[in-house]
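Chemist: Number 170 in numbering that gives the first Met the number 0 belongs to position 171 of the sequence shown; there are no gaps in the numbering.
Handing you this structure, nothing more for now.
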Amino acid sequence: MDKDEEIEQLKKLNELFEESNRAAKIGVWELDIQTNHIFWSNTTKVIHGVEPDYIPNLKEAYEFIKPGSNLELVQYHVNNAITNNIPYNIEMQIIRKDGAEIWTRARGTPEFKEGKCIRLFGTFQDIQDQKEKEIELINSELKMGAIFNNNIDALFLTSPIDGSILRANRAASELFGYTEQEFNQIGRNGIIDTSDPKLPELLEKRKREKHITTDLIGIKKNGERFPIRVSSGIFSDSQGNTQASTCIIDMTDIKNYQNQVEEIARKFKGIFHSTFQFIGFLTPDGTLTEANDSAIQFAGLQPADVIGKKFWDCHWWRISEQTRAELKANIERAAKGEFVQYEVEILGANNTTTTILFNLKPLFNERNEVYSIIPEGRLIQDIVDTRKELISKNNELSRFTTIVSHDLKEPLRMVSQFMNKLEQKYAGSLDDKARQYIFYAVDGARRMSKMIDELLNYSRISEKDKTFEGINSLNLLNDVKQSLKQIILEKNAIIEISELPEIIAIKTAIRILFTNLINNAIKYSKSDIAPIIKIACIDDINNWQFSVSDNGIGINKEHHEMIFQLFSRLHSRVEYEGTGIGLATCKKIVELHHGKIWVDSELDKGSTFFFTIKKNIHA
Ligand code: ADP
């Protein structure tokens, strides 16, 4: 190899060296102590952010170092190297030419000749990236530490080999009552009940699957034993050591809560199965998920025969296709949020049948969607039978009253007719006494006829063929007023009617109702003052509440209920004429409209009769 080739080779080697240094961001530098001349390699210049042709002097070189502790550190080490022949390796911050602050590492080695330093040289490295990572690491370690310490659950770092506790957080100390140092001494076995037979298998499992969650008994420093949930995982730390991180939760409250929930569930099950009612749970698509013992036993079945099946396919409903179709349609309604109730005949064991009052009650979640339906059936066969009997008896009685009333009226008419004839024909030969007897007989017959009419009214009220219709109650009251014109005039009565609503009711019945109440209000007035009768109505959500008040003689509190019974009167016929049928008729009419009637009154202070009628009679 000739000289040129050798130089060329050296150049290449130098370039290679520079290249690798550039990649590692390591430059070299040299300070000639005698001349104070400084040499910076290209990479050193790049680190400082200066041009390749830049040549610094000592003063300028120092000016790149961040003032303060950094500069002091460099000056100290440079002096120490020059005077005491001690090399250095320091980290410092410099300010590059573009003003950016970066971390660098400077190594310096002094060269001595005859006891005197002649040269200082070394490397200069940009370690900003490294430093940032380091800071990041410190920060994340700090963060992890903070998370570990401030976690509300007890956290432990343990060695899976011997069960020693390496670290324990604040919550762990609060829960068990030990300091971190005490934990270090007693280890894992000091805080859990090691007599638990499943422990060895659990540790094996953790080794195998790297993680376990289990319920154990914890032991506090004061000896108290308490339920804990342990969640533990195995991992390798940055040095490759196997460690276990364990989280322990105090389960005392949760266990108590669980016990309470179990207790409630037990009670619920008890009630659910022991009630006479048939009850269960359906999903909105009609699948039976649960049915109580009463329902299942009634049909002579086993739970497996019905649970999980569509409700309408179950035994109870196989009485007819129509029953099943009706149930299916009603479940669809309930699934849309409607409460459905109807009476239906169902099939029991050995093909017996019974009637139940059946409900489908939808249950809603917080988004107001139906998530379940409760089917419930009450055995009402007895009620149905009694009701049938009652209806038939009532019809019988009604027929009887109608017939008897009609039949009685005929002889009554005869009595008054012939009494009148007797009076006309023998007018001259009758004395006062005889005329008085005839008057009593005719008057008795008239009253009896009135009584029969009222009784007929009373018995006809509940007849089935009554139709409900829209009624303008103000018009109806004006009609009533008109029909009572005579007594109103006689007694100088004032009738004040306030605004009244349009109602749905049986017109003839409501007319009788108002006639009776207004008639009574005028009849039972005080002799010395003119009767003032006020009729009003208020809207009571589902009902209309009417009131008829007067300034009459009033009614003692103890009679407020009995006056609504048939034939009950508080006065003699001589004081006030009447039959005792009027208010009983009113009560029957009001009940026909699903309402109530009552009186508010005090003796001598007037009375107010209230009654309600249901607005939507078909609901
Ligand atoms: P009647 O008026 O034919 O006797 P009712 O059934 O209408 O029968 O009334 C029962 C009783 O209630 C009456 O006998 C009377 O004593 C009392 N009563 C009814 N309305 C009033 C009223 N507005 N003021 C005072 N007492 C009344």
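The beta-carbon is built from N, C-alpha and C at its ideal position, and this holds for glycine as well.
These numbers were taken from a predicted model, which means no experiment stands behind them.
For the ligand ADP, I want to know if Asn-519 counts as a neighbour, meaning its beta carbon is within less than 6 angstroms of at least one of the ligand's heavy atoms.
Modeler: Checking every heavy atom of the ligand ADP against the Cβ of Asn-519, one is found closer than 6 angstroms.
Chemist: Helix, strand or coil for Lys-533 per DSSP?
Modeler: Strand, per DSSP.
Chemist: What do you reckon, are the CB atoms on Ile-503 and Lys-525 nearer than 7 angstroms?
Modeler: No, Cβ-Cβ distance for Ile-503 and Lys-525 is not below 7 angstroms.
Chemist: On a Cα-Cα basis, can you pick out the residue from Leu-429, Asp-161 and Arg-228 that is closest to Asp-252?
Modeler: Of the listed residues, the one whose Cα sits closest to Asp-252 is Arg-228.
Chemist: Which of the three DSSP states, helix, strand or coil, is assigned to Phe-271?
Modeler: The answer is helix: DSSP assigns Phe-271 an H, G or I state.
Chemist: Could you give the DSSP three-state label for His-47: helix, strand or coil?
Modeler: His-47: helix per DSSP, three-state reduction.
Chemist: Would you say the beta carbon of Asp-549 is closer than 6 angstroms to some non-hydrogen atom of the ligand ADP?
Modeler: Asp-549 Cβ: within cutoff of the ligand ADP.
Chemist: Nearest to Gly-307 by alpha carbon, out of Thr-178, Glu-331 and Phe-280?
Modeler: Selected option, being the one with the closest Cα: Phe-280.
Chemist: Would you list the residues sitting across from Trp-543 in a DSSP beta bridge?
Modeler: The partner list for Trp-543 (beta bridge, DSSP) reads Asp-538 and Ile-612.
Chemist: Going straight from the alpha carbon of Met-143 to that of Asp-52, what length do you get?
Modeler: In a straight line, the C-alpha of Met-143 is about 48 angstroms away from that of Asp-52.
Chemist: Less than 8 angstroms between the CB atoms is what I'm expecting for Asn-168 and Asn-150, so what's the real figure, rounded?
Modeler: Correct: roughly 6 angstroms between the Cβ atoms.
Chemist: Give every residue of the same chain whose Cβ lies closer than 8 angstroms to the Cβ of Asp-214, excluding the five residues on either side of it in the sequence, and list them in chain order.
Modeler: If we look at Asp-214 and ignore the five residues flanking it on each side, its Cβ neighbours are Pro-226, Ile-227, Arg-228, Val-229 and Met-250.
Chemist: Thr-213 lies in the beta strand (DSSP E); which residues open and close that run?
Modeler: Segment 210 to 218, the beta strand (DSSP E) holding Thr-213.
Chemist: Can you tell me where the beta strand (DSSP E) holding Met-91 begins and where it ends?
Modeler: Segment 87 to 94, the beta strand (DSSP E) holding Met-91.
Chemist: What residue range is occupied by the uninterrupted alpha helix (DSSP H) comprising Pro-302?
Modeler: 302 to 305 is the span of the alpha helix (DSSP H), which, as asked, contains Pro-302.
Chemist: Taking 6 angstroms as the cut-off, is the CB of Leu-602 close to at least one heavy atom of the ligand ADP?
Modeler: False, no ligand heavy atom lies under 6 angstroms from that Cβ.
Chemist: Could you check where the beta strand (DSSP E) with Arg-106 kicks off and where it finishes?
Modeler: Note, Arg-106: beta strand (DSSP E), 100 to 112.
Chemist: Taking just the CA atoms, how far does Gly-285 sit from Lys-327?
Modeler: Going by the C-alpha atoms only, they are around 8 angstroms apart.
Chemist: Whole angstroms is fine: what's the gap from Ile-355's alpha carbon to Arg-332's?
Modeler: The alpha-carbon atoms of Ile-355 and Arg-332 are separated by roughly 19 angstroms.
Chemist: Is the beta carbon of His-617 within less than 6 angstroms of some heavy atom of the ligand ADP?
Modeler: Outside the cutoff, so no.
Chemist: Would you kindly work out how many angstroms separate the C-alpha atoms of Thr-245 and Ile-263, rounded to a whole number?
Modeler: Cα-Cα distance, rounded: 33 angstroms.
Chemist: Short of 8 angstroms in beta carbon distance, which residues of its chain neighbour Asn-419, apart from the five on each side in sequence? Order them along the chain.
Modeler: Excluding positions up to five away in sequence, the list reads Val-441.
Chemist: Nearest-angstrom Cα distance between Asp-603 and Ile-596?
Modeler: Straight-line Cα distance between these residues: approximately 21 angstroms.
Chemist: Using the DSSP secondary-structure output, state which residues sit across from His-559 in a beta bridge.
Modeler: Answer by DSSP bridge pairing: none, since His-559 is not bridged.
Chemist: Does the distance between the C-beta of Ser-458 and the nearest non-hydrogen atom of the ligand ADP fall short of 6 angstroms?
Modeler: No.
Chemist: Output the distance between the C-alpha atoms of Asn-240 and Asp-97, rounded to the nearest integer angstrom.
Modeler: Roughly 45 angstroms between the two C-alpha positions.
Chemist: Name the residue from Lys-132, Thr-352, Glu-179 and Glu-131 whose alpha carbon lies nearest to the alpha carbon of Asn-148.
Modeler: When only C-alpha atoms are compared, the closest one is Glu-179.
Chemist: Starting from Ser-458, trace the alpha helix (DSSP H) in both directions and tell me its first and last residue.
Modeler: Unbroken alpha helix (DSSP H) run through Ser-458: 431 to 459.
Chemist: Which of helix, strand or coil does DSSP assign to Gly-232?
Modeler: Gly-232: strand per DSSP, three-state reduction.
Chemist: Does at least one heavy atom of the ligand ADP sit under 6 angstroms from the Cβ of His-619?
Modeler: Here the chain has residues from 0 to 618 only, and residue 619 is not among them.
Chemist: Counting C-beta neighbours from all protein chains within 10 Å, is the total for Pro-302 16 or more, i.e. buried, or is it exposed?
Modeler: Burial call: exposed.
Chemist: I'd like to confirm something about Thr-607: is its beta-carbon nearer than 6 angstroms to some heavy atom of the ligand ADP, or not?
Modeler: No, the beta carbon of Thr-607 sits no closer than 6 angstroms to any heavy atom of the ligand ADP.
Chemist: Rounded to whole angstroms, what is the Cα-Cα separation between Lys-533 and Leu-569?
Modeler: So the two alpha carbons sit approximately 23 angstroms from each other.
Chemist: Which word fits Lys-586, buried or exposed, when buried means at least 16 other C-beta atoms lie within 10 angstroms of its C-beta?
Modeler: Buried, since its Cβ has 16 or more Cβ neighbours within 10 Å.
Chemist: Measuring straight from C-alpha to C-alpha, what distance separates Phe-182 and Ile-211?
Modeler: In a straight line, the C-alpha of Phe-182 is about 22 angstroms away from that of Ile-211.
Chemist: Do the segment 83 to 96 and the segment 62 to 71 meet, that is, are 3 or more Cβ pairs less than 8 angstroms apart?
Modeler: Result yes; three or more Cβ-Cβ pairs closer than 8 angstroms.
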